[in-house]
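Be aware that the sequence shown starts at 832, since it is given in our numbering, and climbs by one per residue.
Note that beta-carbon positions come from the ideal geometry of N, C-alpha and C, so glycine has one too.
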Amino acid sequence: MFLNFFKTLFSHKSKPREYYEPEKYDIEKELEKYQHMVERGELEETSNYRLGKLYQHKKELKLAIKSYKKVLHVNPTDGETHYNLGMIYFEKNNFKDALQEFKEAVKYNPRDLHACNALGNTFLKLGELDMALRQYKNVIKIDRENVYAHMGIGNLYLEKKEYEKALERYNRVIEKKPFPEGYINKGNVYFCQKKYDLAIEEYKHAMELDPSEKKAYYNMGLVYNEKKQIDKAIEFYKKALELDPSFHLATLNIGIAYFNQDNYEDAAFYLEKTLRLNSEESWAYYNLGWTYYKQGKFEQSIIMFREGMKRSSEDVWTHYNLGWVFAVQGKMDELEKQYKKEIEENQHNGRAYNNLGNLYANENRFEEAIEAFEEAIKIEPDYYWAYNNLAWTYAKESRFSEAIVYYKKAINLKPDFTIALNNLGVAYAGQGRLPEALKVFEKAITLDSEYISALYNLGHIYLKLDRINDAYNVFYKAVEIDISFTEAHISMVYCAFRLKTIEKLIDYYINKQDDYKKTNTISLSLGICYYYKKDLNNALSYLKDSISLKPVVFPSIRFYLAQLYYYMGDIDKCLREIERALKKDPDRAELYYNKGYYLRKKGNMEEARKAFRKATKIAPYSIASLCSLAYVAYDEKRLQEAENYAKATLEESSGIDDAYYLLGLIQEQRVNKEEAFSLYKQALELDPINIDAEKAMRKLEGNLSKC
């Protein structure tokens, strides 16, 4: 059922006419220079044009588009800018907008052969072959030996499967100008004819001419994939990815190749990376849906198929597979039987044991998972994923010492294993070994600067070390990489609150709204910003807007809505939002802690204790657990025990306002009113909307003034 899908990259791109070449300069200095010039209104058209070129060079395409549009607002007849915009849209596979820009470029510069060829290439991409041919012929009328026009005609013949005519054109190009695209396209002809060895020779010629030509390596990978030499295919895809880390077709095909080897962990890693690079790649959703299914992650699988359907609504296979996943959802025993059958048929199938272990781990059947992973390791002692998964299972049970041992073994087998490094950092943090956690998170990011999980975790280590500015910068980088990374946004807003830069961050998000109108994280973040400002109406409006943009919401949105309703005095709505969050994420200790807190305030002490105990059961060593134990002890008049738990919470993280509030309650019980007042004040400084700390402080303020 897993489609062995690939996309062949054909060379249609002409070389744009360059008047300003960013690569000849210090890019960051040039950016700063022209940004200042734009701010001062100096040479506005030139400055915006050069900013566009700089952003285009840096692959910051949205900013490039903005700059070019500012140029066209001043001078709509600037053909060069229309051409550059067209090239960006073409690169983004937005051929409809590319067509419009190239038409404008040709209209204002009819003898710009680069623009004419680009227009032909775009017609070709849109399947308008006659219009494409007309453009190429127009170029040849002006320049009979224009290699790009002849290349375009060759591509047109290839599209029509007229292979000999295509080869004739490509040979003509190579004879005139032996450059990589000509050999790559010859290789593509042989690929389509299934003459794989000939295709390999052509791609090799391209590599010899230009060792940095990613398309040659990528297409070589496609050839070896067809020859069923999957390891070699992966090798070439990875080489293409080294040359261009943003090359999403390479990550897509690496993920597919790993899936076909039953290596679902690596498959998931590369397919997830594909979606970070290009969130509109429907085949990545489809393939990731099947990968999650094979891992027993049915909920995530369904989400992926649904997202794929949105982007490819006519895809019958996606509908079929979504139905299949729905049919087996909740029936883990079916998948368990499948893996056990594979083991019966081959007792030395380490991958089957590993997959079975993942299945057990996802069902919290940890001892069975551990046994399965150990069997996988016995069969394949170098199987680094099995070590990582075994370690992860130990970590789920808070057995961090054992987890650390196996994470290190995984890393010894694969030193660039960023996932294991990230997980090792989490295990170190679980033991309170923050300097060691910091070191491995930084190493993971050195290996993969866009590994957002490691960035997020590093940010939280900085928070625990009270390095708020460093934490903010790391969270900022994470959201710039993935604008949909909800938790990174929440953490960044919290850092801005601590740094007293909320107003600046609000401006940042408002400027992002036009670019990300359908992304609910912008509204969510604005809602939380206004929450910290105590602007409750705006906070509520943005949070509700966030839910309307994405009805299946991240639990944190419900959490903040609950906080707002609590502040407004509507505890029933508050508890309703917590219950909705728990339906989405029933294993989140923090939600049970908050449920207990609100039930306690409602006077339902028995249900509150149940919720607190549930939090401690889910995550025995978490902050939520420590806070829960503290409140249970306080309500049972065990003040010293409650104080110990609250202080332990603050040792874990100094930014927990509830712990300060509870310590204030304890000191008030002990009639240490000034100490209690100070603690309530600290709670309110950490969360300006902590209404209970505010009320307690006001009450004490009155009593202290009477004294």
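Same chain only: Cβ atoms within 8 angstroms of residue i, ignoring 5 sequence neighbours per side
i, result
"Trp1223", "Ala1192, Ala1234, Asn1254"
"Tyr1095", "Tyr1089, Thr1122, Lys1125, Gln1126, Asn1186, Asn1189"
"Asn1503", "none"
"Ala1527", "Tyr1492, Gly1495, Leu1496, Glu1499, Ala1507, Tyr1511"
"Asn906", "Glu876, Thr912"
"Ala936", "Gly910, Glu911, His913, Tyr914, Gly917, Asp943, Ala946, Ala949, Leu950"
Coarse secondary structure for residue i, derived from DSSP in three states
i, result
"Gln1126", "coil"
"Asn1300", "helix"
"Ile1378", "helix"
"Ala1450", "coil"
"Met1051", "helix"
"Asn1186", "helix"
"Thr1105", "helix"
"Phe1306", "helix"
"Ile1314", "coil"
"Ile858", "helix"
"Lys992", "coil"
"Phe1248", "coil"
"Thr1082", "helix"
"Tyr851", "coil"
"Ile1133", "helix"
"Gly958", "coil"
"Pro1594", "Residue numbering for the chain in the displayed model covers 832 to 1538; residue 1594 lies beyond these limits and cannot be assessed."
"His1179", "coil"
"Ile1321", "helix"
"Met1436", "helix"
Integer-rounded CB distance, given that residue j should sit under 8 angstroms from residue i
i, j, result
"Glu1506", "Leu1515", "That pair is no contact at about 15 angstroms."
"Arg965", "Ile984", "Between Ile984 and Arg965 the Cβ distance is about 11 angstroms, and since that is not below 8 angstroms, they are no contact."
"Tyr1347", "Cys1360", "About 16 angstroms; that fails the 8 angstroms criterion."
"Lys1045", "Leu1074", "4 angstroms"
"His1079", "Asn1109", "4 angstroms"
"Ala1241", "Asn1219", "4 angstroms"
"Ala1442", "Lys1426", "4 angstroms"
"Val978", "Lys996", "Rounded, the Cβ-Cβ distance is 17 angstroms, inconsistent with contact."
"Ile1085", "Lys1069", "7 angstroms"
"Ala1037", "Ile1015", "5 angstroms"
Proximity to residue i [Cα-Cα], best of the options
i, options, result
"Leu955", "His945, Tyr967, Leu944", "Tyr967"
"Val1305", "Ile1333, Ile1276, Phe1328", "Ile1276"
"Asn915", "Met962, Glu932, Asn906", "Glu932"
"Arg1182", "Glu1165, Glu1211, Phe1197, Ile1201", "Glu1211"
"Phe1136", "Arg1142, Phe1129, Gly1120", "Gly1120"
"Lys934", "Glu922, Asn948, Lys923, Asn924", "Asn948"
"Thr1352", "Glu1039, Gly1427, Glu1206, Val1310", "Val1310"
"Tyr1307", "Arg1298, Val1324, Ala1420", "Val1324"
"Gly910", "Pro941, Lys923, Phe926", "Pro941"
"Trp1216", "Glu1228, Glu1438, Leu1244", "Leu1244"
"Asp1338", "Leu1357, Asn1180, Ala1490", "Leu1357"
"Tyr920", "Asp1301, Gln887, Ala1302, Tyr1362", "Gln887"
"Lys1025", "Glu1057, Tyr1048, Glu1039", "Glu1057"
"Tyr1462", "Pro1451, Ala1477, Leu1392", "Ala1477"
"Glu1467", "Leu1296, Arg1440, Tyr865, Pro853", "Arg1440"
"Gly1290", "Ser1280, Tyr1428, Ala1319", "Ala1319"
"Asp1345", "Arg871, Lys897, Lys860, Tyr856", "Lys897"
"Asn1091", "Ile1065, Tyr1423, Pro1076", "Ile1065"
"Ile1250", "Glu876, Ser1280, Leu1265, Gln1262", "Ser1280"
"Asn924", "Asp1062, Leu892, Tyr899, Asn969", "Leu892"
"Gly1052", "Pro1076, Asp1041, Ala1081, Ser1077", "Ala1081"
"Arg1329", "Leu1294, Asn1195, Lys1171", "Leu1294"
"Gly1400", "Ser1379, Leu1413, Tyr1429", "Tyr1429"
"Leu1355", "Lys1375, His1179, Phe1272, Glu1173", "Lys1375"
Cβ-based neighbour list, residue i, same chain, cut-off 7 angstroms, excluding 5 preceding and 5 following
i, result
"Ala1258", "Ala1226, Phe1231, Ala1234, Ile1235, Tyr1238"
"Ile1454", "Thr1480, Glu1483, Ser1484, Ile1487"
"Ala1260", "Ala1268, Ile1292"
"Glu798", "In this structure the chain extends from 832 to 1538, so residue 798 is not present and cannot be described."
Contacting residues, own chain, Cβ-Cβ under 6 angstroms from residue i (five flanking each side not counted)
i, result
"Leu1221", "Phe1204, Tyr1237"
"Ile1522", "Tyr1398"
"Ala1030", "Gly1018, Tyr1021, Phe1022, Val1054"
"Tyr851", "Arg881, Lys884"
"Arg1431", "Ala1439"
"Ile1539", "Any answer about residue 1539 is impossible in this case: the structure gives the chain only from 832 up to 1538."
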